[in-house]
Structures are given as C-alpha cells and as structure tokens.
Amino acid sequence: HHLPSMAERRYQLQVVSSLHSSIQSHLHAIRDQGKEVSAAWKSAVKPWDIKLDALANVLRKYAVTEDIRAVLLRFIAMGHTTDESNALEQFFTGVQMNEQLIKKLVKTLFDTVANVESLARKGLLAPARSLVFDAGQLIGLELVPEATVFLKSTE
Numbered sequence: 001h002h003l004p005s006m007a008e009r010r011y012q013l014q015v016v017s018s019l020h021s022s023i024q025s026h027l028h029a030i031r032d033q034g035k036e037v038s039a040a041w042k043s044a045v046k047p048w049d050i051k052l053d054a055l056a057n058v059l060r061k062y063a064v065t066e067d068i069r070a071v072l073l074r075f076i077a078m079g080h081t082t083d084e085s086n087a088l089e090q091f092f093t094g095v096q097m098n099e100q101l102i103k104k105l106v107k108t109l110f111d112t113v114a115n116v117e118s119l120a121r122k123g124l125l126a127p128a129r130s131l132v133f134d135a136g137q138l139i140g141l142e143l144v145p146e147a148t149v150f151l152k153s154t155e
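Residue numbers (the UniProt record's numbering): 1 to 155.
Have a look at this one:
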C-alpha cells in the first residue's frame with residue numbers, strides 16, 4: 001500500500017489548513033459577537049425587568065405566589081377576579097406603570113430590539129454563513145478521491 005508523500009499532497013494540506021484556520025476564525029467571531037449581542041439584549045430588556053420586579057413586589061404584598069406570566073395572562077383574559085387583580089390594578093394605575101410609561105417602554109423596547117437584531121445580523125449571520133460554507137468545503141474534500149486517499153492515510 002503506497003503512502004503519498006507530503007510533497008505530493010501539498011495542495012490538499014494547504015486547503016485543509018486554510019479551511020481549518022478559517023473555521024476557527026469564524027467560531028471566534030461568533031463567540032465574541034454572541035457575547036456582544038447577549039449584552040445588548042440584556043440592556044434592551046433591563047427596563048422591563050426593573051418594572052416586573054416592582055410588579056413582583058406588589059404581588060408579594062398581596063400574598064400572590066403564582067408566576068407573573070400566569071397572573072398577567074389571567075388578568076388580561078378575565079379581568080378583575082381576586083387579590084392578584086387588586087395588585088395588578090394598583091400597579092398599573094400608580095406612578096410605577098401608567099399608560100404613558102408603558103408606551104414609552106414599548107417604543108424603547110422596539111428600538112433596542114431592532115438594534116439587537118442589527119447586531120446579530122451584522123456580527124453573527126455573516127460568520128455563521130461562512131462557517132457553514134467552509135465546513136461544507138472541508139466535508140467536500142472527503143468526496144474528492146485524491147483527498148480521500150491522503151486523509152485516510154494520515155489516520
């Protein structure tokens with residue numbers, strides 16, 4: 001069984017090396033940009049988190065232990081029913097969260113989510129597409145007979 005020499009397979013080695021380097025670069029870019037997108041997302045929802053923490057405190061004062069999401073859904077679907085409704089009405093009619101503040105928070109959220117989307121498209125989409133392309137190229141090398149002989153002989 002003939003083992004090809006390195007010189008004979010120089011081109012295949014260069015291609016594998018280049019693809020490996022490129023894939024590593026894309027993975028690093030995705031990791032770094034993923035952190036940036038995650039931080040932007042946390043910043044985008046922080047005002048809502050603060051308001052929902054205040055709502056959780058009001059609900060606790062009314063001895064409501066259920067999840068905020070379930071309480072809000074029930075309140076929206078059925079209206080005033082129990083102590084939790086009293087807590088929600090207190091929260092939404094007080095200075096903590098009035099209609100004008102909700103509109104402002106929603107507008108701010110839409111703007112910041114648009115920024116997060118832009119960051120994700122710019123910082124994650126291009127490296128992810130390139131990663132998929134380069135990985136496909138690397139996988140495609142196995143389908144090339146000359147590369148297969150070389151790759152299998154190095155295992």
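Beta carbons: idealized from backbone N, C-alpha and C, even for Gly.
Under 8 Å between C-beta atoms of residue i and residue j
i   : j    : result
K61 : M97  : no
A54 : P127 : no
F75 : E84  : yes
A87 : V58  : yes
A77 : I68  : no
T93 : S43  : no
Whole-angstrom C-beta distance between residue j and residue i, which should lie under 8 Å
i    : j   : result
S141 : L27 : Note on identity: in this sequence residue 141 is Leu, with Ser being the wrong assignment. About 19 Å separates the two Cβ atoms, so there is no contact after all.
Top-ranked residue by Cα proximity to residue i, from the options
i    : options                : result
E89  : L72, K103 and Q100     : L72
I139 : E66, V15 and E36       : V15
I102 : A114, T65, P47 and A39 : P47
A63  : T82, D49 and V45       : T82
Any chain D beta carbon closer than 8 Å to residue i
i   : result
Q24 : Checking the listed chains, one finds no chain D in this structure; it contains a single protein chain.
**Contact the stretch 121 to 135 vs the stretch 103 to 112: 3+ CB pairs below 8 Å** = No, they do not touch.
**Message:** Whether or not the stretch 16 to 23 and the stretch 125 to 136 are in contact is what I'm after, with contact meaning three or more pairs of Cβ atoms, one per stretch, closer than 8 Å; do they touch?
**Reply:** yes
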